[in-house]
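What follows is a single structure, written as structure tokens, with notes after it.
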Amino acid sequence: MSVAGDGMAVPGLLNYWVAVGVLVCGLIMVVDSRNMVKKLIGLNLFQSAVFLIFITMGKVSNGSAPILDPAVSTYSNPLPHVLILTAIVVGVATTALGLALVVRIRRAYGTIYEDEIADKPQVEPEIIP
Amino acid sequence: MPNIGLINTVADIGLLAMLAATAVLMMRSQSPLTITILSGIYSLIMCTLFVVLDAVDVAFTEAAVGVGIASILILCVIKHKDEPNLQSAWPSGLSICLGLGVGVLAVLGTADMAMYGDPLAPVHQHLAPRFLGQSPQETGIPNVVTSVLASYRGYDTLGEVVVIFTAGIAVLLLLAGETRADGSGQHKVLTFPAGHSELIANPVLKMVLSRIIPIVILFALYVQFHGDYGPGGGFQAGVIFGAGLITYGLLCGPGKLPGLISEKGVITGMALGVLLYGAVGVSALICGGDFLDYSVLSDSQTAGQHLGIFLIELGVGMTVASTMVSLFISFNRDWG
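Quick mapping for you: the protein sequence lines, in order, are chains L and D. Using our numbering, the first residue of the first sequence is number 8, and each one after it goes up by one. Using our numbering, the first residue of the second sequence is number 290, and each one after it goes up by one.
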């Protein structure tokens, strides 16, 4: 173990464990919630836990952000950053798609709670423009 | 000299604790409004954590997307009547058991992962040394994240842009304004979010926001065009630019944004961005290279790479910014 307390021993696998904890919270939100907006936010939470796992894998002790500079010799791994950067933007676009479906469901059934949808007739018949 | 490693570790652990606490609060809360606000806080903690983990480009994106756009979109959807009487509760025993089961398996799986920051981890042995070592000669761009995103993994990024475009189109189709035979009802816009009209009447808020918007737009342009040399690029700039326009939409109230930027214009922007990206790829083919091989676009390899990366980042920025604004306009229609 190096002297400079370069932070390898202490966090260890902690980042992954916390990410798993967040992932479980997200999963429970998706499974347990009746509210469809909460389900979507749970899905986001799940997704963001995976992002944390990827970015943690890219970290190199005493490394710097991967922007090349003659004064720096150690860099963190840029590849996970690229993958997650695009995934975040794609994630918000797909979340928006889910929210649009919720808006349509609310319009047809008048509620965003799953159990109420099951025993409600459609408030408004589907309109195909 | 302060001990950077120690500061890093302390920051990492502190942020992880806050992250976990926010996630549990989100899980327990039943109120959509509370969960939305917590999710904004969660994103803010997450993006600080990304900075600690050296992922500055990712932190940028998370800050703009998670804190800004995602929260606004969810606020557009939830309504007062969705608020339950019960504010927070633990989930049912069955879901907790399922969650714990998955969690225990996943934690067992992490036993094979490399320790935090280990430079000898397998993930650092193959592609990363190549990108870090060769990209100055091959692309001449200091920000390795930009050169990997735009050049080495250009196909991948093209795919992502198409996904964003497709999601934007799907939302437009789902929430298209109803056009009646007489052409009325095209721009039926509403009351966003509940109580919004009082919000924009607040002079302090109006004053502050109107001063901030030009700075946000200017910053977006800086992020777009400086992405080769510092953190930033098309994805981040597009989201920040979109956030600036959305703030303008919030400030001026419903219906004003279509006056500034027509819906048709926004959809055109979405398509033009993807087309620009594809056109750069095809130009490389015409100039005798491979698809998306920018080296042939100019006299020298690095000049060609610079030009190609500049153009495709511009395409990405256009598509992302237009999609964000288009999402905001779609969700801002009156759906009762």
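Glycine included, every Cβ here is placed at the ideal spot set by N, Cα and C.
Distance, residue j Cα to residue i Cα
i	j	result
L:Ser71	L:Arg111	46 Å
L:Ser40	L:Val25	22 Å
D:Ile601	D:Leu565	7 Å
D:Ile415	D:Gly422	Checking the sequence shown, residue 415 of chain D turns out to be His, not Ile. Roughly 12 Å between the two C-alpha positions.
L:Ile91	L:Asp76	23 Å
D:Val310	D:Ala592	It is Ala, not Val, that sits at residue 310 of chain D in the sequence shown. Roughly 49 Å between the two C-alpha positions.
D:Ser615	L:Val17	46 Å
D:Val569	L:Pro73	26 Å
D:Ala300	D:Ala306	10 Å
D:Gly625	D:Gly538	Because D:Gly625 sits at a pLDDT of 43, beneath the cut-off of 50, its placement in the model cannot be relied upon, and the following sentence gives the value as read from the coordinates. Cα to Cα, D:Gly625 sits roughly 20 Å from D:Gly538.
L:Glu123	D:Pro425	59 Å
D:Ile266	L:Ser80	In the structure as shown, chain D begins at 290 and stops at 625. Residue 266 of chain D is therefore absent and cannot be evaluated.
D:Ile502	D:Val347	23 Å
L:Met36	D:Leu574	48 Å
L:Arg114	D:Asp445	37 Å
D:Leu308	D:Ser587	47 Å
D:Gly567	L:Gly19	43 Å
D:Gly562	D:Gly597	14 Å
D:Gln590	D:Val412	29 Å
D:Gly521	D:Phe599	12 Å
D:Gly390	D:Thr608	41 Å
D:His554	D:Ala560	Here residue 554 of chain D is Gly; the residue named in the question, His, does not match the sequence. Distance between the alpha carbons of D:Gly554 and D:Ala560: 10 Å.
D:Val393	D:Leu383	15 Å
D:Val605	L:Ala100	14 Å
D:His595	D:Ser381	55 Å
D:Phe349	D:Leu333	10 Å
D:Ala352	D:Glu427	31 Å
L:Gly12	D:Thr298	Model confidence at L:Gly12 stands at a pLDDT of 44, short of 50, so the residue's coordinates are unreliable and nothing is read from them.
L:Asn84	D:Ser440	17 Å
D:Gly294	D:Gly303	14 Å
D:Met613	D:Val571	27 Å
L:Leu21	L:Leu30	14 Å
D:Arg419	D:Pro373	54 Å
L:Val97	L:Glu121	26 Å
Identity of the residues DSSP links to residue i by a beta bridge
i	result
L:Tyr120	L:Asn42
L:Ile74	D:Asn432
L:Tyr82	L:Ser71
D:Arg317	Paired residue(s): none; D:Arg317 is not in a bridge.
D:Ser377	D:Ser318
Residue-chain proximity (residue i, chain C), Cβ-Cβ < 9 Å
i	result
L:Ala78	In summary, chain C is missing from the structure at hand, where the protein chains are L and D.
Inside the stretch 542 to 593 of chain D only - alpha helix (DSSP H) runs reaching at least 4 residues: 546 to 549 and 552 to 575
Contacting positions in the stretch 89 to 110 of chain L - beta carbon closer than 9 Å to chain D: Val89, Leu90, Ile91, Leu92, Thr93, Ala94, Ile95, Val96, Val97, Gly98, Val99, Ala100, Thr101, Thr102, Ala103, Leu104, Leu106, Ala107, Leu108, Val109 and Val110
Cβ contact check for the stretch 392 to 408 of chain D and the stretch 64 to 79 of chain L: 3 or more pairs under 8 Å: yes
Where the stretch 325 to 336 of chain D meets chain L: residues whose CB sits under 9 Å from a CB there: Legend: CB atoms of the stretch 325 to 336 of chain D lying less than 9 Å from CB atoms of chain L belong to residues Thr325, Leu327, Ser328, Tyr331, Ser332 and Met335.
Stretch-stretch touch, CB-based, cutoff 8 Å, three pairs: the stretch 571 to 582 of chain D with the stretch 526 to 538 of chain D: no
Three or more C-beta pairs below 8 Å linking the stretch 358 to 368 of chain D and the stretch 95 to 113 of chain L: Flag = yes, the stretch 358 to 368 of chain D and the stretch 95 to 113 of chain L touch.
Three CB pairs or more closer than 8 Å across the stretch 314 to 330 of chain D and the stretch 40 to 57 of chain L: yes
Meets three-Cβ-pair contact criterion under 8 Å: the stretch 338 to 351 of chain D and the stretch 388 to 402 of chain D: The stretch 338 to 351 of chain D is not in contact with the stretch 388 to 402 of chain D.
The stretch 509 to 522 of chain D touching the stretch 427 to 435 of chain D, judged by at least three CB pairs closer than 8 Å: Segments in contact, yes.
Runs of alpha helix (DSSP H) lying entirely within the stretch 330 to 395 of chain D, each at least 4 residues, in chain order: Segments of the alpha helix (DSSP H) lying fully in the stretch 330 to 395 of chain D: 345 to 351 and 360 to 366.
Residues, ordered as in the chain, of the stretch 362 to 374 of chain D that lie near chain L by beta-carbon distance below 7 Å: Leu362, Ile363, Val366, Ile367 and Asp371
Interface residues of the stretch 555 to 586 of chain D facing chain L [CB-CB below 7 Å]: none
Contacting positions in the stretch 528 to 540 of chain D - beta carbon closer than 8 Å to chain L: Val528
Contact residues within the stretch 339 to 363 of chain D, judged by C-beta distance below 7 Å to chain L: Phe339, Leu342, Asp343, Ala344, Val345, Asp346, Val347, Thr350, Glu351, Val354, Ile358, Ala359, Leu362 and Ile363
Within 8 Å of chain D by C-beta, residues of the stretch 63 to 77 of chain L in sequence order: Within the stretch 63 to 77 of chain L, the residues whose Cβ lies closer than 8 Å to some Cβ of chain D are Thr63, Met64, Gly65, Lys66, Val67, Ser68, Asn69, Gly70, Ser71, Ala72, Pro73, Ile74, Leu75 and Asp76, listed in chain order.
Residues, ordered as in the chain, of the stretch 401 to 424 of chain D that lie near chain L by beta-carbon distance below 8 Å: Of all residues in the stretch 401 to 424 of chain D, Met402, Ala403, Met404, Tyr405, Gly406, Asp407, Pro408, Ala410, Val412, His413, Leu416, Ala417, Phe420, Leu421 and Ser424 have a Cβ within less than 8 Å of some Cβ in chain L.
At least three beta-carbon pairs within less than 8 Å, the stretch 51 to 67 of chain L to the stretch 83 to 103 of chain L: yes
Residues in the stretch 434 to 461 of chain D having any Cβ partner in chain L nearer than 7 Å: Val434, Val437, Leu438, Arg442, Thr446, Glu449, Val452, Ile453, Ala456, Gly457, Ala459 and Val460
Contacting positions in the stretch 301 to 317 of chain D - beta carbon closer than 7 Å to chain L: Asp301, Ile302, Leu305, Leu308, Ala309, Ala312, Val313, Met315 and Met316
Chain L contacts made by the stretch 583 to 615 of chain D, where a contact means CB separation under 7 Å: Val609 and Thr612
Interface residues of the stretch 505 to 526 of chain D facing chain L [CB-CB below 9 Å]: Tyr518, Gly519, Pro520, Gly522, Phe524 and Gln525
Contacting positions in the stretch 19 to 39 of chain L - beta carbon closer than 8 Å to chain D: If the cut-off is 8 Å between Cβ atoms, the stretch 19 to 39 of chain L has Gly19, Leu20, Leu21, Asn22, Tyr23, Trp24, Val25, Val27, Gly28, Val29, Leu30, Val31, Cys32, Gly33, Leu34, Ile35, Met36, Val38 and Asp39 near chain D.
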